[in-house]
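Under my numbering, the first residue of the sequence shown is numbered 38, with each subsequent residue one higher.
Yeah, the Cβ is synthetic: ideal placement off N, Cα and C, and Gly gets one too.
This one's a predicted model, so the numbers in the text were calculated from it and none came from an experiment.
Written below as structure tokens is the structure these notes are about.
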Amino acid sequence: MSADKMMIKARGPVWHKKHKDMGIIPEGLHGLDKQATWGKSRTIGWLYGHGTFCITTLKVPIVGIFQWMKNSGNEAKRMEQEIIKYVGLVKKVLMDSKADDQKLYFSLKKYYKMQLVTVPRKGMDKSPLRKKMIKEMMTKANKKDFKKRSVTVEPMQGLIDNIFDLERCWMRGDDSNRWLFASMGIAMQMAQFKAYKQQRSTWDIKSEVLGV
38 MSADKMMIKA RGPVWHKKHK DMGIIPEGLH GLDKQATWGK SRTIGWLYGH
88 GTFCITTLKV PIVGIFQWMK NSGNEAKRME QEIIKYVGLV KKVLMDSKAD
138 DQKLYFSLKK YYKMQLVTVP RKGMDKSPLR KKMIKEMMTK ANKKDFKKRS
188 VTVEPMQGLI DNIFDLERCW MRGDDSNRWL FASMGIAMQM AQFKAYKQQR
238 STWDIKSEVL GV
């Protein structure tokens, strides 16, 4: 399984962090999504909005889950919460450097028999446990599987973005986006599973999802 987070701009204006932290809504700022939060990624920097969390299978590109999460939330912790539900079914989980956590790594291995594969932070390879963790992750087979992220979960979020036009949230608030994103995920699953059963591409499903 491969996991990833995506950030989506809030519907309405941006509530700058210094004002949000103080609970101040500047005059003239209308249609504000007060429940949106600030998040940061390497690719796009800081963004005010809502987050989505996606898990995708490796062998056959099908959405496992596509759900709302706080934009400011920790995706590694969210991954742990979701992935342990599949103990006995999932043997390996792949995630970007946000999952480079020694405690998380050994916890998944010891209690759930799951192999985490992520990108170790540079220079963080001094302690015996870190060296053990990196050695176990950086096998030829694990590296090969990790490369599949670029053709599974990463473009999967892009596909969902394209189908549902998620440059900006459709609605305001946590609850509204929670059920909306979950509905999108289910629609994707249904269309992709049907395509898989019919031996069609699980990527070419836009017209089926939208009913056009």
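Under 8 Å: do the stretch 46-58 and the stretch 193-210 share three or more Cβ pairs, one atom per stretch? A contact exists between the stretch 46-58 and the stretch 193-210.
Just mark Ser-39 as buried or exposed, buried being the case when its beta carbon has 16 or more other beta carbons within 10 Å. Along the sequence shown, one-based indexing puts residue 39 at 2. Buried is the call here.
So, at 6 Å on beta carbons, what are the nonlocal neighbours of Phe-143 in its own chain, with the 5 sequence-adjacent residues on each side left out? The count along the sequence shown starts at 1 and reaches residue 143 at position 106. For Phe-143, where only same-chain residues beyond five positions count, there are no Cβ hits under 6 Å.
Keeping to the same chain, check which residues put their C-beta closer than 7 Å to that of Thr-239; ignore five residues upstream and five downstream. To locate residue 239, count along the sequence shown from 1; it is residue 202. Spatial neighbours of Thr-239 in its own chain (CB-CB distance under 7 Å, excluding positions within 5 residues in sequence) are listed in chain order as Val-97, Pro-98, Ile-99, Gln-229, Ala-232 and Tyr-233.
Would you mind sorting Val-124 into buried or exposed? The rule is 16 or more other CB atoms within 10 Å of its CB. Within the sequence shown, numbered from 1, the residue matching residue 124 stands at position 87. Flag for Val-124 reads exposed.
Residues bridged to Ile-92 by DSSP? For the purposes of this step, residue 92 is taken as the residue at position 55 of the sequence shown. Residue pairing by DSSP places Ile-92 opposite Ala-40 and Ile-102 in a beta bridge.
If you check the beta carbons only, do Leu-131 and Phe-183 fall under 8 Å apart? Counting from one through the sequence shown, the residue named residue 131 turns up at place 94. Counting from one through the sequence shown, the residue named residue 183 turns up at place 146. For Leu-131 and Phe-183, yes; Cβs fall inside 8 Å.
Take Arg-79 as the anchor and find which of Val-190, Lys-135, Tyr-148 and Ile-171 has the nearest alpha-carbon. Numbered from 1 along the sequence shown, position 42 holds the residue referred to as residue 79. The shortest C-alpha to C-alpha distance from Arg-79 to any of Val-190, Lys-135, Tyr-148 and Ile-171 is the one to Lys-135.
Since Lys-129 is in the beta strand (DSSP E), which residue starts that stretch and which ends it? Here residue 129 is taken as the residue at index 92 of the sequence shown, counted from 1. 129-131 is the span of the beta strand (DSSP E), which, as asked, contains Lys-129.
Taking the Cβ atom as the reference point for each residue, do Val-154 and Asp-133 lie within a distance shorter than 8 Å? Residue numbering aside, residue 154 sits at position 117 when the sequence shown is read from its first letter. Residue numbering aside, residue 133 sits at position 96 when the sequence shown is read from its first letter. Taking 8 Å as the Cβ cut-off, Val-154 and Asp-133 do not qualify as a contacting pair.
If I measure Cβ to Cβ from Val-127 and keep anything under 7 Å in the same chain, skipping five residues before and after, which residues do I get? Mapped onto the sequence shown, residue 127 falls at position 90. Met-38, Ile-120 and Met-151, listed in sequence order.
List the endpoints of the continuous beta strand (DSSP E) containing Ser-144. Numbered from its first residue, the sequence shown carries residue 144 at position 107. Ser-144 -> not in any beta strand (DSSP E); alpha helix (DSSP H) instead, spanning 139-149.
Separation of Phe-218 from Glu-173, as counted between CA atoms: As a position in the sequence shown, residue 173 is number 136, starting the count at 1. As a position in the sequence shown, residue 218 is number 181, starting the count at 1. Just so you know, the alpha carbons of Glu-173 and Phe-218 end up roughly 35 Å apart.
Given that a residue counts as buried once 16 or more other Cβ atoms are within 10 Å of its Cβ, and exposed if not, what is Gly-82? Translated into the one-based positions of the sequence shown, residue 82 becomes position 45. Taking all protein chains shown into account, Gly-82 has fewer than 16 neighbouring C-beta atoms within 10 Å of its C-beta and is therefore exposed.
With H, G and I counted as helix, E and B as strand and the rest as coil, what does DSSP make of Val-154? Numbered from 1 along the sequence shown, position 117 holds the residue referred to as residue 154. Reduced to three states, the DSSP call for Val-154 is strand.
With DSSP as the reference, label Gly-160 as helix, strand or coil. Indexing the sequence shown from 1 puts residue 160 at position 123. Residue state, collapsed to three classes: coil.
Between Val-246 and the rest of its own chain, which residues show a CB-CB distance below 7 Å, the 5 nearest in sequence each way excluded? Counted from its first residue, the sequence shown places residue 246 at position 209. Correct list, in chain order: Ile-200, Ala-224, Met-225 and Ala-228.
Helix, strand or coil for Leu-84 per DSSP? The count along the sequence shown starts at 1 and reaches residue 84 at position 47. Note: Leu-84 maps to strand in three-state DSSP.
If we ignore side chains and look at the alpha-carbon of each, how far apart do Lys-54 and Lys-107 end up? Looking up residue 54 in the sequence shown gives position 17. Looking up residue 107 in the sequence shown gives position 70. The alpha-carbon atoms of Lys-54 and Lys-107 are separated by roughly 15 Å.
Residues bridged to Thr-74 by DSSP? Along the sequence shown, read from residue 1 onward, the residue named residue 74 stands at position 37. The beta-bridge partner set that DSSP reports for Thr-74 consists of Gly-86.
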